[in-house]
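Engineer: Quick one: the structure is below, questions incoming.
There are 2 protein chains.
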Amino acid sequence: MGEVKGNNEAFWDLSYGLYIVTSREGERMNGQIATAAMQVTAVPPKIVVCLSKETLTHEFVVQSGKFGITVLDQEITMQEIGPWGFRSGRDIDKFRNVRYKIGAETGVPLVLDRALSVLEAKVIQSLDVDTHTLFVGEVEGAERLREGKPLTYDYYQKEKKGKSPKNAPTYHG
Amino acid sequence: MGEVKGNNEAFWDLSYGLYIVTSREGERMNGQIATAAMQVTAVPPKIVVCLSKETLTHEFVVQSGKFGITVLDQEITMQEIGPWGFRSGRDIDKFRNVRYKIGAETGVPLVLDRALSVLEAKVIQSLDVDTHTLFVGEVEGAERLREGKPLTYDYYQKEKKGKSPKNAPTYHG
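So the protein lines, in turn, are chains A and B.
So the first sequence is numbered by my numbering: it starts at 72 and just counts up by one.
So the second sequence is numbered by my numbering: it starts at 72 and just counts up by one.
Pasting the structure below:
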């Protein structure tokens with residue numbers, strides 16, 4: 072926790088969704104769970120995502136300047152979430168047994184299994200924040216596939232008893 | 072919605088909290104509702120907040136390089152939220168009838184009414200994203216005051232039938 076005076080619990084009261092952020096570099100595709108994603112302007116619509124520099128998805132976003140976001144249904148199982156959160160695309164092909172489509176505007180893969188909505192964006196700015204990078208993307212395509220309750224980080228933790236990997240922005244040991 | 076192909080509903084599936092972001096400039100204090108706030112690194116703990124350039128709070132954060140965040144209890148009433156979201160500190164003193172304390176680490180005011188947690192941060196980076204600015208703050212103080220259910224933007228909209236002002240990052244008309 073560095074130099075913070077006080078207690079960690081305050082951080083746990085911040086609210087997040089839980090998304091799959093995807094990207095590609097040439098023929099290689101990858102994706103990972105991210106909680107730190109939000110819209111930052113309405114006109115034009117821009118979204119920021121925060122990714123660990125250690126991840127393959129980070130590498131692909133830097134190289135391609137594009138990313139996709141899948142908003143997940145809260146009915147997703149822990150087994151379905153698993154590969155996206157705790158495995159690296161350097162070791163497995165995360166898209167092997169997954170339904171996805173190629174975003175018409177950017178060419179990024181968009182995961183369709185347990186998806187409520189998908190968005191695809193072109194990176195127009197980025198900010199190095201030490202261990203992570205903030206990528207600001209202008210949204211070029213957005214589609215709600217069906218209605219449902221979006222998975223939140225709170226629901227993932229409390230109802231699904233889910234954990235966070237060590238390189239998550241919100242990791243607290 | 073600019074050039075986006077698709078539909079707006081995809082944006083509505085992103086999840087947010089609903090916070091009061093505060094700042095001060097000399098003796099003047101102000102604060103506003105913000106939904107776009109999230110932790111971006113764990114070590115050291117940093118938080119990014121996104122504020123409209125039109126707001127007085129934005130002005131104070133630029134001038135002072137400091138901000139506070141209050142995580143609200145979902146039991147807060149619409150009447151209590153009102154001044155923080157739909158009035159400008161240029162017209163009213165938002166702190167007049169509110170319990171608050173001065174953050175020991177940064178000197179920013181931290182709203183205590185209906186507060187679950189408070190955090191205070193020093194701005195170390197910022198990114199201009201047209202109508203809004205992303206302020207990255209290193210958290211210098213964090214305190215959970217009591218346990219409870221943090222107010223989310225989803226709960227505000229669905230249970231409290233709350234609306235958004237036009238300069239919100241998530242405004243969709």
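Glycine included, C-beta positions come from ideal geometry on N, C-alpha and C.
All of these numbers come straight from a predicted model, not from anything done at the bench.
I'd like to know if M109(B) contacts chain A, where contact means its C-beta is closer than 8 Å to some C-beta of that chain.
Structural biologist: Sequence index remark: in the second sequence, residue 109(B) carries index 38 (1-based). Judged by the 8 Å Cβ criterion, M109(B) is in contact with chain A.
Engineer: Less than 8 Å between the beta carbons of K82(A) and P116(B), yes or no?
Structural biologist: Counted from its first residue, the first sequence places residue 82(A) at position 11. Counted from its first residue, the second sequence places residue 116(B) at position 45. Reading off the sequence shown, one finds Phe at residue 82(A), where the question assumed Lys. A contact, by the Cβ cut-off of 8 Å.
Engineer: Per the contact definition of three or more C-beta pairs closer than 8 Å, is the segment 148-156 of chain B in contact with the segment 195-207 of chain B?
Structural biologist: no
Engineer: Give me, in chain order, the residues of the same chain whose beta-carbon lies closer than 6 Å to that of Q110(B); leave out the 5 immediate sequence neighbours on both sides.
Structural biologist: Mapped onto the second sequence, residue 110(B) falls at position 39. Answer for Q110(B): I118, listed in chain order.
Engineer: Say whether chain E places a C-beta atom closer than 8 Å to the C-beta of F82(B).
Structural biologist: No chain E is present in this structure, whose protein chains are A and B.
Engineer: Measuring only the C-alpha atoms, how far is E214(B) from T141(B)?
Structural biologist: As a working note, residue 214(B) is residue 143 in the second sequence. As a working note, residue 141(B) is residue 70 in the second sequence. Cα to Cα, E214(B) sits roughly 10 Å from T141(B).
Engineer: Touch check for the segment 217-235 of chain B and the segment 124-135 of chain A: three-plus C-beta pairs under 8 Å?
Structural biologist: no
Engineer: Is there a C-beta anywhere in chain B that falls below 8 Å from the one on E211(A)?
Structural biologist: Locating residue 211(A) in the first sequence gives position 140, counting from the first residue. Yes, E211(A) counts as interfacial toward chain B.
Engineer: Measuring only the C-alpha atoms, how far is L181(B) from K76(B)?
Structural biologist: Against the second sequence, residue 181(B) aligns to sequence position 110. Against the second sequence, residue 76(B) aligns to sequence position 5. Using only the alpha carbons, I get a separation of about 41 Å.
Engineer: For a cutoff of 8 Å on Cβ pairs, would you count R251(B) as touching chain A?
Structural biologist: Residue numbering for chain B in the displayed model covers 72 to 244; residue 251(B) lies beyond these limits and cannot be assessed.
Engineer: Can you give the Cα-Cα distance for V200(A) and Q145(B), rounded to whole angstroms?
Structural biologist: Numbered from 1 along the first sequence, position 129 holds the residue referred to as residue 200(A). Numbered from 1 along the second sequence, position 74 holds the residue referred to as residue 145(B). So the two alpha carbons sit approximately 31 Å from each other.
Engineer: If you draw a straight line from the C-alpha of N101(A) to the C-alpha of K137(A), how long is it?
Structural biologist: By one-based count along the first sequence, residue 101(A) stands at place 30. By one-based count along the first sequence, residue 137(A) stands at place 66. Their backbone Cα atoms lie some 12 Å apart in a straight line.
Engineer: Indicate the three-state DSSP secondary structure (helix, strand or coil) for V179(A) in the structure shown.
Structural biologist: By 1-based counting over the first sequence, the position of residue 179(A) is 108. V179(A) falls in the coil class under three-state DSSP.
Engineer: Which chain B residues are close to A105(A), counting only those with a beta carbon under 8 Å from its beta carbon?
Structural biologist: Taking the first residue of the first sequence as position 1, residue 105(A) is located at position 34. Neighbours of A105(A) on chain B: none; closest Cβ ~10 Å, over 8 Å.
Engineer: For I152(B), verify whether its CB is less than 7 Å away from any heavy atom of the ligand SAH.
Structural biologist: Only the bare structure without any ligand can be found here, which leaves the ligand SAH out of the picture.
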